[in-house]
Amino acid sequence: MKILSIETSCDETAISIIEVTGDKSAPSFSILSNIVYSQVELHKEFGGVFPTVAKREHAKNLPIIFTESLKNASILNTGGTTLYREKIKTLLEREQDLIEGMHTIAETIAKPEIDYIAVTTGPGLEPALWVGVNFARALNMIWDIPLVPVNHMEGHALSILLNANDSKIQNVQLSQFEFPALALLISGGHTELVVMNDWMNYKKIGATRDDAVGEAFDKVARLLGLPYPGGVAISKLAEEGEPREDIRLPRPMIDSPNYDFSFSGIKTAVLYLTQALGKIDEQTKKDISKEFEEAVTEVLVKKTLKAVEEFGVRTLIVAGGVSANTHIKNEIEKAISGLNMGIKTFFPTKDLSTDNSLMIAIAGYFGIISGKVSTDPQEIRANSNWSL
Ligand code: KG4
Ligand code: ZN
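Residue numbers (the numbering used here): 76 to 463.
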């Protein structure tokens, strides 16, 4: 089967096409196309993502990326009809920026060989999610291709299954993943610990009570005058930072008797610290970055280990944008191998740690085989708070 996936939950507009063959227990995936268009440059001037700007950009990019994706997958054929002109206008009443592009698709492209369309419906920025959802609905209307809603966090958790840079067929032995598994999902919008007792079976055991860890990286970066998104900039500076007596930050909730997190206090502590230190030279920025990264890492490692032990975890998955952080990755791997319990740890490759649509295609596949295909496109709705 061929699956086309659409991701617009935040500031990346992404579309992928994969082909899946083989048995459910050992599926084979081929990546036919994988396009991520990042809006980061645009949002930089706001120091964060501006939802209405994101929405407009998604609408502008989706039809272009869609056509490019079909071309990449060698399934772009000319054809089409003007039959849906009025219907498209009605369906996309709230997506005016998408109408023209959708008309072009309907009137110039023949129905492609796509079996399912997987679309992120949440969590994320509501206006941004709706563009993707409405685009998917419009495709469904003109070509009658069934839709499958995908949870963005589930996408992150399953992002470890594929290598985006492998153009050959990838055979995935699902039996190599022993359950229970634990997913530490760390991104710009979320920080969650989720126990999986099987594929598609999630139990959230903890989450941040305020800022997500990526958000804390971004906010601290802003305090230090570093560009958005801050994770990459901070981790780079941290490499050359030194421990200092006068630069100490809290490890919030590190010993709390639960799996929740809190990161806004660290950010406030950095603010006070910068005020107390006065003028901040380059080395001080590096030292603060190091201490910040260290504080965050210690909390993540401690809570993860606690959950691993309490739930008898056999497989650890760490995913989301922040999982690209080398220090966090190294410390988690060190701590897990220190347990000597044979726990397997999986991180996504760098380009699948931040937002992408390949992870949505994989999650879509799992949705399809477990009967989550929608029979009524009207029931596919953006749900900005959809929790695993
Ligand atoms: O998963 P993602 O692309 O978007 C959300 O779903 O939120 O994550 C983006 C977040 C940003 O906050 C960014 O600063 C952070 O991931 N990030 C990093 C690194 N690379 C990206 N944080 C720490 N270290 C990194 N190397
Ligand atoms: Zn994400």
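Just so you know, even glycine gets a beta-carbon here, dropped at the ideal spot from N, CA and C.
Query raised in the report: On the three-pair Cβ rule with 8 Å, is the segment 199-207 touching the segment 121-136?
Result: yes
Query raised in the report: Near proline 452, what residues of its chain come up, given a Cβ to Cβ distance below 6 Å and the 5 sequence neighbours on each side ignored?
Result: Arg212, Asn215, Leu222
Requested in this report: Just mark alanine 271 as buried or exposed, buried being the case when its beta carbon has 16 or more other beta carbons within 10 Å.
Outcome: In the sequence under discussion, the amino acid at residue 271 is methionine, which differs from the alanine named in the question. By the 10 Å Cβ count, methionine 271 comes out buried.
Requested in this report: Check whether the Cβ of threonine 429 sits closer than 6 Å to any heavy atom of the ligand KG4, and report yes or no.
Outcome: yes
Query raised in the report: What does DSSP give as the partner residues of threonine 88 in its beta bridges?
Result: Tyr112
Query raised in the report: Just how far apart, CA to CA, sit isoleucine 437 and aspartate 241?
Result: 15 Å
Query raised in the report: Identify the residues that DSSP records as bridge partners of methionine 271: which are they?
Result: Ala256, Tyr277
Query raised in the report: Is the segment 78-85 touching the segment 399-409 in the sense that three or more CB pairs, one from each, lie closer than 8 Å?
Result: no
Query raised in the report: Just to check, is the beta-carbon of serine 262 closer than 6 Å to a non-hydrogen atom of the ligand ZN?
Result: yes
Report task. Kindly list the residues whose CB is nearer than 6 Å to the CB of aspartate 190, restricted to its own chain and excluding five residues on each side of it in sequence; keep chain order. Result -> Met76, Lys77
Query raised in the report: Is it true that the CB of alanine 185 sits closer than 7 Å to the CB of asparagine 147?
Result: no
Requested in this report: Evaluate phenylalanine 338 with the Cβ neighbour count: other Cβ atoms within 10 Å of its Cβ, from every protein chain shown; 16 or more gives buried, anything less gives exposed.
Outcome: buried
Query raised in the report: Can you check whether the CB of isoleucine 435 is closer than 7 Å to the CB of threonine 142?
Result: no
Query raised in the report: Comparing the CB of glycine 300 with every heavy atom of the ligand KG4, is any distance shorter than 6 Å?
Result: no
Query raised in the report: Do phenylalanine 421 and glutamine 245 have their CB atoms nearer than 7 Å?
Result: no
Query raised in the report: In this structure, does DSSP put serine 103 in helix, strand or coil?
Result: strand
Query raised in the report: Fully enclosed by the segment 381-418, which alpha helix (DSSP H) runs are 4 residues long or longer?
Result: 401-414
Query - DSSP three-state assignment for lysine 311, whether helix, strand or coil - result: helix
Query - Nearest to glycine 264 (by Cα), restricted to the options Thr283, Tyr277, Val393 - result: Thr283
Query raised in the report: Between aspartate 273 and phenylalanine 254, is the Cβ-Cβ spacing less than 7 Å?
Result: yes
Requested in this report: Count the other C-beta atoms from every protein chain shown that fall within 10 angstroms of the C-beta of methionine 416, then say buried if there are 16 or more, exposed otherwise.
Outcome: exposed
**Report entry** Whole-number beta carbon distance between serine 91 and serine 432, since they are thought to touch under 8 Å
**Finding:** 4 Å
Query raised in the report: Taking DSSP as the reference, what is the three-state secondary structure of asparagine 136?
Result: helix
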